[in-house]
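Take a look at the structure below.
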Amino acid sequence: MNCSSLFVPHCRIPFPFQFHVISPSKCHLSPTQSSPFHSLASLSTRNHSSKAFIVCSTSSSSSPNHSQSTSDSITACRAKHILVSTQELAEQLCVMIVSGERTFSELAESVSECDSKQNGGDLGWFRKGTMVKGFESMCFNANLNQVFTQKSELGWHVALVTDKSCEQLSISSKDFKSLYESRNWDDKSSFSEEIQLVDVRELEEIQNDGRSLKGFVNVPISAHMEWIEALRSGSLLNKDVETLVLCKSGARAQQMCVFFAQQGFRNVKHIEGGIDAYYS
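Counting from 5, one number per residue, gives the positions in the sequence shown under this note's numbering.
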């Protein structure tokens with residue numbers, strides 16, 4: 005199974021592709037799907053089972069960083085999973101992992117039916133509303149480092165949530181304007197280690213519009229084949245730095261943030277209302 009099938013289609017926007025792929029390099033594309041951002045228009049999340057079977061935990065308690073957090077306050081998760089066809093096999097794998105007989109990564113690589121097996125089952129970061137419902141809800145409610153099984157329309161998942169984030173997913177136009185105007189964006193050394201700014205508008209769009217802001221790196225969607233490898237490697241943008249994403253009105257930036265999060269960006273926010281709101 006292609007790992008992108010875990011993600012549900014939503015928020016359709018006028019792009020040549022949508023952002024629902026964990027790792028584009030691991031996706032098998034047909035000749036008509038040359039974009040690394042695989043479309044999931046055929047995926048349906050209807051009539052899936054939400055039955056879950058919690059096996060046990062690999063640690064005595066959840067992480068101190070999240071012990072006071074509720075699932076409502078969690079905005080993103082990082083998880084591993086192994087996809088198999090039967091509940092019996094899923095439970096057997098859980099026992100092997102918890103007992104230490106085999107590692108999660110070893111079993112993912114050897115038996116998982118998902119392309120994420122090539123990464124030891126690692127799905128990267130994902131936000132609410134992007135995964136198939138049964139699997140996603142369990143990930144956001146599970147304790148850290150707790151092995152569990154979950155049935156979805158795709159089969160049985162053996163999963164392990166390795167991290168969670170409570171970071172905000174957006175910044176208001178007002179707060180961004182205050183932040184932006186308080187800094188000297190001509191002096192890159194004063195902010196490059198703290199924050200990075202990304203404009204996902206097309207170059208021609210920016211030129212025709214005439215509105216642009218200093219300090220932004222232009223990452224146009226149509227040129228994805230030119231920047232995707234640099235993004236994956238971390239040479240284009242720093243995945244550990246707070247990243248603010250801008251477009252014309254906010255929709256494209258929001259979707260790009262989902263994709264960035266799946267590539268390992270921990271603290272990424274879209275600027276609400278885009279450049280329209282900034283200049284209004």
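We put the beta carbon where it would ideally sit given N, CA and C, even for glycine.
Do you know whose CA, among the options, lies nearest residue i's CA?
{"i": "Asn-149", "options": "Leu-164, Gly-138, Val-136", "result": "Leu-164"}
{"i": "Gln-266", "options": "Ile-78, Arg-82, Glu-105", "result": "Arg-82"}
{"i": "Lys-181", "options": "Lys-218, Glu-208, Asn-147", "result": "Lys-218"}
{"i": "Gly-128", "options": "Glu-197, Lys-168, Glu-105", "result": "Lys-168"}
Could you give the C-beta distance for residue i and residue j, rounded to a whole number, given that I count them as a contact under 8 Å?
{"i": "Phe-220", "j": "Leu-250", "result": "6 Å"}
{"i": "Asp-203", "j": "Asn-188", "result": "That pair is no contact at about 19 Å."}
{"i": "Tyr-282", "j": "Ser-177", "result": "6 Å"}
{"i": "Gly-159", "j": "Val-88", "result": "6 Å"}
Give every residue of the same chain whose Cβ lies closer than 7 Å to the Cβ of residue i, excluding the five residues on either side of it in the sequence, and list them in chain order.
{"i": "Asp-126", "result": "Lys-84, Ser-120"}
{"i": "Ser-109", "result": "Gly-124, Gly-125"}
By how many angstroms is the C-alpha of residue j removed from the C-alpha of residue i?
{"i": "Ile-86", "j": "Thr-107", "result": "12 Å"}
{"i": "Met-100", "j": "Gly-238", "result": "35 Å"}
{"i": "Thr-166", "j": "Cys-98", "result": "15 Å"}
{"i": "Glu-276", "j": "Arg-215", "result": "16 Å"}
{"i": "Ser-114", "j": "Glu-92", "result": "17 Å"}
{"i": "Ser-284", "j": "Gly-278", "result": "10 Å"}
{"i": "Gln-37", "j": "Ser-103", "result": "Bear in mind that the predicted position of Gln-37 carries a pLDDT of just 30, short of 50, making it unreliable; the figure below should be weighed with that in mind. When rounded, the distance between both Cα atoms is 42 Å."}
{"i": "Asn-212", "j": "Ala-234", "result": "27 Å"}
{"i": "Glu-2", "j": "Gln-258", "result": "Not covered by the structure: residue 2. The range shown for the chain is 5 to 284."}
{"i": "Ser-131", "j": "Phe-144", "result": "With the sequence shown as reference, residue 131 is identified as Arg, and Ser is not the correct amino acid for it. Going by the C-alpha atoms only, they are around 9 Å apart."}
{"i": "Asp-280", "j": "Lys-243", "result": "27 Å"}
{"i": "Leu-111", "j": "Arg-236", "result": "25 Å"}
Check whether the Cβ atoms of residue i and residue j sit closer than 8 Å, and answer yes or no.
{"i": "Thr-247", "j": "Leu-173", "result": "no"}
{"i": "Arg-205", "j": "Lys-155", "result": "no"}
{"i": "Val-151", "j": "Val-136", "result": "no"}
{"i": "Gly-254", "j": "His-228", "result": "no"}
{"i": "Ile-175", "j": "Val-245", "result": "no"}
{"i": "Thr-153", "j": "Glu-95", "result": "yes"}
Could you name the residues of the same chain whose beta carbon sits closer than 8 Å to that of residue i, not counting the 5 residues immediately before and after it, in chain order?
{"i": "Ser-77", "result": "Cys-170"}
{"i": "Lys-231", "result": "One detail in the question is off: residue 231 reads as Trp in this sequence, not Lys. Here the set comprises Val-223, Leu-240."}
{"i": "Asp-179", "result": "none"}
{"i": "Glu-117", "result": "Met-5, Leu-87, Val-88, Ser-89, Gly-159"}
{"i": "Asp-190", "result": "Lys-218"}
Near residue i, what residues of its chain come up, given a Cβ to Cβ distance below 6 Å and the 5 sequence neighbours on each side ignored?
{"i": "Asn-271", "result": "Glu-171, Glu-246"}
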